[in-house]
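Asker: There's a structure below that I have some questions on.
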Amino acid sequence: SNRSACYAGKKDWTTAAKDAKECIKANPSFIKGYYRLANAQSEQNEFDAALATIKQGLAIESDNPQLQKQIRQIKARRSSMRRAENSANAATSSGAATPGGMPYSNLDSSISKEVNDLHQQLIATTKEYRMVKANIMKAQNGKQSNELTKMELEKLPQGTDAKMYRSVGKMFMLTSRSDIMTHLEESVEKEGKEETSLTAKLDYLERRMKSQQQNIQELTKSASSE
């Protein structure tokens with residue numbers, strides 16, 4: 010479970026999931042193994058698999074607060090992803106024809122070119138919107154993972170002689186507890202700032218998408234009324 014958490018800290022979700030599965034196989038009653046696996050699956054957008062994993066864990070310990078919280082978060086993330094995809098798909102298809110159903114090819118050539126240019130801009134904005142949305146989720150989950158690791162370390166008694174390792178690239182380096190705690194605190198702060206910055210960018214992109222859609226609709230509407 011701890012090795013899976015280390016791979017999660019490196020954002021190596023495939024290996025983190027593999028290690029968590031080995032943990033569950035070795036001890037099917039170890040709840041944290043289900044938590045680690047569901048987290049890795051969710052990071053790979055395998056939401057249905059993650060929810061199934063959590064349900065397996067809840068079958069063993071139905072009142073586990075971590076799993077109950079995790080299932081709510083994954084359901085919310087899945088719904089948010091679906092809404093974003095539906096919104097993006099609607100945005101990219103909105104310029105297929107004029108409000109009256111007239112195809113672009115039936116518009117005046119200069120207007121048709123302008124509308125097509127606007128449509129390409131809308132597609133690019135939509136693609137960027139999706140990427141920013143995914144990066145926000147990545148920052149949120151990275152922050153959550155580091156906060157959880159920090160909480161687990163804080164449970165250990167001061168002066169413990171347990172060996173601790175921190176991932177550095179593809180290696181794990183023996184590190185003091187204080188250095189690991191400092192690294193986790195800095196990572197949580199960095200990811201929090203990144204989330205704030207990306208959220209502001211997402212709001213801007215959403216406004217730009219709406220503006221581009223409106224411009225296309227107004228241009229095609231004015232052309233079809235001539």
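In the working numbering, the protein residues as written are 10 to 235. We treat Cβ as the ideally placed atom computed from N, Cα and C, and that holds for glycine.
Cα-Cα, which of D57, T134, M146 is closest to L214?
Answerer: The sequence position of residue 214 within the sequence shown is 205, counting from 1. Here the closest residue by C-alpha is T134.
Asker: Could you pull the start and end residues of the alpha helix (DSSP H) that F56 belongs to?
Answerer: Along the sequence shown, read from residue 1 onward, the residue named residue 56 stands at position 47. Looking at the DSSP string, the run of the alpha helix (DSSP H) that includes F56 is 56 to 69.
Asker: Roughly how many angstroms separate the alpha carbons of S103 and Q222, rounded to a whole number?
Answerer: Within the sequence shown, numbered from 1, the residue matching residue 103 stands at position 94. Within the sequence shown, numbered from 1, the residue matching residue 222 stands at position 213. At S103 the pLDDT is 49, less than 50, meaning the model places this residue with poor confidence; the figure from the coordinates comes in the next sentence. Going from the Cα of S103 to the Cα of Q222 covers about 7 Å.
Asker: If I measure Cβ to Cβ from E70 and keep anything under 7 Å in the same chain, skipping five residues before and after, which residues do I get?
Answerer: Residue 70 sits at position 61 when you count from the first residue of the sequence shown. The residues are I40.
Asker: Starting from the Cα of R143, find the closest Cα among Q65, K122, T62, R91 and give me that residue.
Answerer: Working through the sequence shown from its first residue, we reach residue 143 at position 134. It is Ala, not Arg, that sits at residue 143 in the sequence shown. A143 has its Cα closest to that of R91, out of Q65, K122, T62, R91.
Asker: Alpha carbon to alpha carbon, how far is K152 from M146? Give it in angstroms, no decimals.
Answerer: Start at 1 with the first residue of the sequence shown, and residue 146 comes out as number 137. Start at 1 with the first residue of the sequence shown, and residue 152 comes out as number 143. About 10 Å.
Asker: Suppose contacts are defined by Cβ-Cβ distances below 8 Å. Is L162 in contact with I189 by that definition?
Answerer: Reading the sequence shown from its first residue, position 153 is the one you call residue 162. Reading the sequence shown from its first residue, position 180 is the one you call residue 189. In this structure, I189 lies closer than 8 Å to L162 by Cβ.
Asker: Helix, strand or coil for S154? Go by DSSP, reduced to three states.
Answerer: Locating residue 154 in the sequence shown gives position 145, counting from the first residue. Helix, per DSSP.
Asker: Give the secondary structure of M173 by DSSP, where H, G and I count as helix, E and B as strand, and everything else as coil.
Answerer: If you number the sequence shown from 1, residue 173 lands on position 164. Here M173 sits in coil by DSSP.
Asker: Please list, in chain order, all residues of the same chain as S185 whose beta carbon is under 8 Å from its beta carbon, the five residues on each side excluded.
Answerer: Walking along the sequence shown from the start, residue 185 turns up at place 176. M173.
Asker: Between Q65 and W22, is the Cβ-Cβ spacing less than 8 Å?
Answerer: Taking the sequence shown and counting its residues from 1, the one referred to as residue 65 is at position 56. Taking the sequence shown and counting its residues from 1, the one referred to as residue 22 is at position 13. Contact: no.
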